[in-house]
Amino acid sequence: MKLKQHILKTRSAKAYLTSVCLLPLCGLSATALADDLDKIERLEVRGRQINTLGHSTSASEGIVGAAEIESRPLLRTGEILEFVPGMIVTQHSGSGKANQYFLRGFNLDHGTDFNTRVEGMPVNMRTHGHGQGYTDLNFLIPELLGEIRYAKGAYYPEVADFSGAGAAQILLADELAYRQVGVTLGEYGYQRLVAAQDMKTEVGRFILGTELQAYDGPWSDIKEDVSKINVIGRYLTKLNGGDFSLTMMAYDNSWNSADQIPARAVESGLIDFYGSLDTDVGGEASRYSISANYDAGNWQANAYAIRSTMDLFSNFTYFLNDPINGDEFEQVDERTIWGGDIKRDWQMSLAGTQINYSLGADVRYDDIGAVGLYNTKARERLSTVRLDEVQELSTGLFGKLEWLPADQWRLNLGLRYDYFDVQVDSDNHLNSGDASDGMLSLKAGASYLVNDNLELYMNAGQGLHSNDARGATIKVDPVTGDPVEKVDLLVRSNGGEFGVKYYDRDFINFSAALWYLELDSELLFVGDAGNTEPSRASERYGAEITAYYWLNDDVSLDMELAWTRARFTENELDEGKYVDGAVPFVGSAGITYRPDGDGWYTSVRLRYLGERILDSFDEHKADDTTLVNLALGYQLSGFDTKLELLNIFDSKDHDIDYFYESRLAGEPAEGVEDLHYHPVEPRMVRVSVSYRF
């Protein structure tokens, strides 16, 4: 059985990971990150049913609870970010690679412009081997998640880098509702084993979770041969009147990839819909971390250390650049990250009014031992495009003031300063060097509580994202040797929003927002090529509507709709105004029946990804994508049996589409412009059996 082989294959890794995650038993002292919603008690209820009126900074922030996460059928772990209204999560490669994300008119690629954190630890990778802001969530075990807190827009001084479109803080459960051991079997070689333990002792609470996963996928020419292992260990206790937690996480994965394919290869019969042109691509990844959080009410602090590696093989153009060996390439990233943050809250009265204010600081240091790009064939290196060592330090100082001049009014003002310093040691000494930059960002907002059920919001803010450090010191193209212009280390964004929230604890939680976001023009460092390319200034605006309706304690419905218009605001010769990869409309809806206690439960979910713009003239579009997933389960005397039917109607839509030049064997040397796509995975059945105690 493949799962048994997988366990044997990873026995030594598992032993190491388990030993790492038992270190909390030793006990260490340290620290906790609090976000904008820390004033709201972490209740053991469905997050959508929490009343955030009088606490939220904007209409587009919210909380997702463990009950919602547990109820939703998921194809991939990264899809947990689809709990952020308007977010679409897809994949264009193998299961072990970071997902593709779409939000507010951005093709976020693998994470740029959306800040993601787990227990205060950053997930976005700076100066990464595959792409700036790379966000891989495969190290999470969904059964151990407690909350997702999201906040869209650049209105929050606690977060800065990669937060133009928004941010999410993913929190692990501080207490499991039950212990469990479960197994899932599915089509296309899907096998998963999960176990979670919660032990309360006189010295605190210990939580330990383990996940093993194997998967081949539906592909005609490739077996993904996913071999994933996750271990999470936590220790939680009271310390000096506050709450202390120590979390250790370990993740290791290897896989083969079914990358995007050109439409002409399928139409000519060279490959079928689920085929591949390069069957040697894939990768390996690992992440080991330790983090400590401390919350003493008015004080919150956090510290972390992360070790991350990635070795990724890809081929998107086949024989365009090298007609003999092909265009396969390898991207390598090995780094250690240290960092932390601290925040202090105060309250005071002034002329009969209340003022809440906070001061905080954060620091992050990326010690990147190797970030490289190689030309390869069958995963064997042929030549080095570039190889670098990078040290990247960032520090941030922020302050936030909330003034309540009247019972119904709240006024917010935030200020943040970020400073970045980078040092690049390249294999080409001309591209080595130092760079630094700082940026001040202002945030402001106002809210008016019309009555106990309705609140209005207005927000404006400045944000930023960092660029790849290699682009800030580059002087020559590593392939051609031609002079290259450096990129700015930090790039400004400006945004604003009007919104409304309506909440009635008996039946509905509704919000709507009109938003605007503009980004400065910039040069981007391209990880797939090792050089830079220009990106024009752009603006995006749109509207979002979210509604969560519960008929009673057992049945709930939800709907999320988002419209976006994205355009470049600078002219460029032979280029149009449309932002490539922007999605004008996305939507999702679902119904969940989940009673307490034994019996049947079910969840049905529809996700719609509208037509996508693939070029700046809007001459080429990707068709829309519609998927429907179903979960149906029965719980009795501690046993839980669940059937998941993913892609119920066996859609042949595309997960993602691109339009660019590639070259198949025998085609003209200049290549052929074509649609390249990654198909959605076909209808598949997964059956899970777990014992909860």
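Just so we're aligned: the sequence shown equals residues -34 to -1, 1 to 659 in mature numbering (1 follows the signal peptide of the UniProt record, and there is no 0). Note that beta-carbon positions come from the ideal geometry of N, C-alpha and C, so glycine has one too.
What residues in its chain sit with their C-beta under 6 Å from that of residue i, if we drop five residues either side in the sequence?
i, result
"Y624", "H642"
"I622", "T56, H58, Q66, H644"
"F659", "R145, G604"
"P371", "T319"
"L377", "W369, A412"
"E27", "A117"
"D299", "H94, G95, M276, V337"
"I474", "Y515"
"M314", "I321"
Looking only at its chain, what residues have a beta carbon closer than 8 Å to the beta carbon of residue i, apart from the 5 residues adjacent to it on each side?
i, result
"I35", "I46, F49, P108, L111, I114"
"D393", "T350, R352, L353, D354"
Can you check whether the C-beta of residue i is within less than 7 Å of a C-beta belonging to chain B?
i, result
"K118", "Absence of chain B from the displayed structure is noted, only one protein chain being present."
How big is the Cα-Cα spacing for residue i and residue j?
i, j, result
"Q374", "G427", "22 Å"
"R649", "G183", "12 Å"
"Y181", "F534", "41 Å"
"V651", "G306", "42 Å"
"A262", "G208", "4 Å"
"L19", "A478", "14 Å"
"K166", "S487", "54 Å"
"V450", "H395", "14 Å"
"R273", "A126", "22 Å"
"D470", "E585", "46 Å"
"A117", "R330", "21 Å"
"V197", "Q226", "31 Å"
"F172", "D164", "6 Å"
"L159", "L202", "25 Å"
"D333", "G399", "15 Å"
"N537", "K543", "7 Å"
"G31", "T591", "27 Å"
"I29", "L406", "29 Å"
"E636", "N81", "39 Å"
"S582", "V549", "13 Å"
"T176", "V84", "17 Å"
Going by CA-CA distance only, name the one from the options that's closest to residue i.
i, options, result
"E647", "E627, P634, D619, R629", "D619"
"G60", "V552, G248, V492, E177", "G248"
"Y657", "A162, Q266, N259", "A162"
"R485", "R502, R38, E639, S522", "With the sequence shown as reference, residue 485 is identified as Leu, and Arg is not the correct amino acid for it. For L485, the nearest C-alpha among the options comes from R502."
"L379", "V147, K309, P123, L517", "P123"
"residue 660", "D472, S223, S242, N222", "Nothing in the structure corresponds to residue 660, since the chain is present only between -34 and 659."
"T342", "Y284, I308, Y385", "Y284"
"L572", "G565, F583, V552", "V552"
"R352", "S324, S129, G95, A528", "G95"
"residue 660", "S220, D288, A231", "Past the edges of the chain, shown from -34 to 659, lies residue 660, and the structure says nothing about it."
"F364", "D403, V30, S324, G599", "S324"
"Y154", "T350, I308, L41, Y260", "L41"
"L596", "S569, D581, T607, E577", "S569"
"V453", "T446, K441, N264", "K441"
"D218", "S193, F210, G235, K204", "S193"
Within this structure, are the beta carbons of residue i and residue j separated by less than 7 Å?
i, j, result
"S504", "A120", "no"
"H76", "T56", "no"
"P634", "F239", "no"
"N291", "D244", "no"
"D354", "R436", "yes"
"M214", "I256", "yes"
"A401", "A438", "yes"
"P174", "G199", "One point to set straight first is that residue 174 is Leu, not Pro, in the sequence displayed. Yes; because the gap between Cβ atoms is below 7 Å, this pair is in contact."
"G514", "R38", "Contrary to the premise, residue 514 reads as Tyr rather than Gly in this sequence. Cβ distance not < 7 Å, so Y514 and R38 don't count as in contact."
"M525", "F464", "no"
"L137", "T43", "no"
"W529", "G547", "no"
"D387", "L359", "yes"
"F476", "Y468", "yes"
"G62", "A216", "no"
"V445", "V390", "no"
"I303", "A267", "no"
"Y260", "F210", "yes"
Which same chain residues, not among the five before or five after residue i, have their C-beta less than 7 Å away from its C-beta?
i, result
"D520", "Y559, R560, P561"
"F72", "D79, A131"
"L593", "R573, N613, S617, V646"
"E602", "Note that residue 602 is Leu in the sequence shown here, rather than Glu. Once the five neighbours on either side are set aside, the close Cβ partners of L602 are D564."
Measuring only from the beta carbon, is residue i closer than 6 Å to any heavy atom that is part of the ligand ZN?
i, result
"N419", "Judged by which ligands are present, the structure shown has none, so any question about the ligand ZN falls away."
Sequence ranges, beta strand (DSSP E) only - wholly within the stretch 362 to 439, length at least 3: 375 to 392, 399 to 417, 420 to 432
Ordered list of beta strand (DSSP E) runs contained in the stretch 541 to 628, each at least 3 residues: 551 to 559, 565 to 575, 591 to 602, 605 to 612, 620 to 628
Secondary structure, beta strand (DSSP E): runs of 3+ residues fully inside the stretch 221 to 272: 248 to 261
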